[in-house]
Structures are given as C-alpha cells and as structure tokens.
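Numbering (this note's numbering), first residue to last: 126 to 309.
Pasting the structure below:
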C-alpha cells in the first residue's frame, strides 16, 4: 500500500478535551482546550493560541486548572470555546470552587489538576504553558478501590481536529504490554 504525503499535518488525535480555568483581572475565566500533552509524570503542557484572553490571566497568576470534561459538562465546555472572555464574562459558566493555590476549578468536573506554570514555550502563533501538577482532585465515584482514576467510569470526552468533533471513549482492546510478552 502506498502512503500519501499530506504535509506537516498533526496526526496525534484524538486527545482529551479539557477546560482550562484561571483568574483574569480577578475573575474566573474558562477556555476549551484540545491541545494538552504529557511531558513527564508531574508535568503537562497546555497550548493556546496567542490571542486567547485566558493567556493574560495565566501569565499574570502563573496558575491554572485543567478540568477534564465528561458528556454532562460538554454543553458548557463547548460554550467556553465559542466566545472570548474579552467579549463575554464566562465567570458564571460553571459553578466555581477554588484550588489550594486560589485557582478557579469547575465544581462538577470529575477530575481537576491544579497547576503552576514553570515555563512558557512560544511557537508561531501559540503559547505553550509548561505546568507542574500541584494537586489532582478526583470525584470518589470515578476512583478504583486502589485510589486510581477509573477511565471506564470517568468516560472523558475526546477531541479530534481533522473532523472538528467530540468523541466518546471506546472499548478496551487488551491490557498494555500483553501482546509483546512471550512465554518461556
């Protein structure tokens, strides 16, 4: 089979859909984000287009929350991505609680990471916030008996850019590293 070169297209979708929260001019602001990444066991990256109103608050406070979205929160999360906080007050879009560091978090989000910005990596048109995870808050009903997040129960919404769609998480194919282990 011949592969077609489609240029420098980003092909790492789908990714978890999150809402990032921060204080902008003392008020909670929310933005829908489809570009997040893992860069270590205690660091994540949130990449936002430079014109986003939220960037101002993140740069001023050096703090943000990453709120994992389930289907129940999707209508409000989608709204957070449709309008700019510079044009519409989004502080009441979600019921807000505050993290230990004063960062706004979505009260109904099943999983929230409270983060401090370590660095900002700029590329053409984007600011990528490299963040240390300070705390992770999880609703008890999405935890396993061992205290781990149960993604089968959580059912985070996924985002894929090529079709600009929200997806449901799928079925388990197999346990990790089950294919590569050979019996001796």
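Using N, Cα and C, we set each Cβ at its ideal position, and we do this for glycine too.
| Counting Cβ pairs closer than 8 Å, one from the region 166-181 and one from the region 126-138, do we hit at least three? | no
| query | Less than 7 Å separating the beta-carbons of residue 226 and residue 188? | reply | Taking the chain shown and counting its residues from 1, the one referred to as residue 226 is at position 101. Taking the chain shown and counting its residues from 1, the one referred to as residue 188 is at position 63. Yes, these two residues count as a Cβ contact at 7 Å.
| request: Could you pull out every unbroken alpha helix (DSSP H) segment of at least 4 residues lying fully inside the region 140-182, listed in chain order? | output: none
| said: Which same chain residues end up closer than 8 Å to residue 230 when comparing Cβ atoms and leaving out the 5 residues on each side of it in sequence? | reply: Your numbering for residue 230 matches position 105 in the chain shown. Closer than 8 Å at the Cβ level, and outside the excluded window around residue 230, lie 146, 190, 192, 221, 222, 223, 224, 237, 239, 262.
| message | Given this structure, state the Cα-to-Cα distance separating residue 209 from residue 246, to the nearest angstrom. | response | What you label residue 209 is simply residue 84 of the chain shown in a count that begins at 1. What you label residue 246 is simply residue 121 of the chain shown in a count that begins at 1. If I take the Cα positions, the gap works out to 22 Å.
| Which residues in the same chain as residue 170 place their Cβ atom closer than 6 Å to its Cβ, once the five residues preceding and following it in sequence are excluded? | Within the chain shown, residue 170 is the residue found at index 45, counting from 1. 162, 164, 253, 255, listed in sequence order.
| said: Taking the beta carbon of residue 205 as the centre, do at least 16 other beta carbons fall within 10 Å, making it buried, or is it exposed? | reply: Indexing the chain shown from 1 puts residue 205 at position 80. Buried, since its Cβ has 16 or more Cβ neighbours within 10 Å.
| Skipping 5 residues on each side, what residues in its chain have a beta carbon closer than 6 Å to that of residue 303? | Position 178 of the chain shown, counted from the start, is the residue given in the question as residue 303. Closer than 6 Å at the Cβ level, and outside the excluded window around residue 303, lies no residue.
| query | Taking just the CA atoms, how far does residue 248 sit from residue 177? | reply | Residue 177 sits at position 52 when you count from the first residue of the chain shown. Residue 248 sits at position 123 when you count from the first residue of the chain shown. Cα to Cα, residue 177 sits roughly 14 Å from residue 248.
| query | Is residue 284 near residue 140, with beta carbons less than 7 Å apart? | reply | Here residue 284 corresponds to residue number 159 of the chain shown, with the count starting at 1. Here residue 140 corresponds to residue number 15 of the chain shown, with the count starting at 1. Yes, these two residues count as a Cβ contact at 7 Å.
| task | Would you mind sorting residue 297 into buried or exposed? The rule is 16 or more other CB atoms within 10 Å of its CB. | result | As a position in the chain shown, residue 297 is number 172, starting the count at 1. The residue is exposed, with fewer than 16 neighbouring Cβ atoms inside 10 Å.
| query | Which residue spans inside the region 202-281 form an unbroken alpha helix (DSSP H) run of at least 4? | reply | 276-279
| field | Residue interval of the beta strand (DSSP E) (run including residue 291) | value | Stepping through the chain shown from its first residue, residue 291 is reached at position 166. Here the beta strand (DSSP E) through residue 291 covers 290-292.
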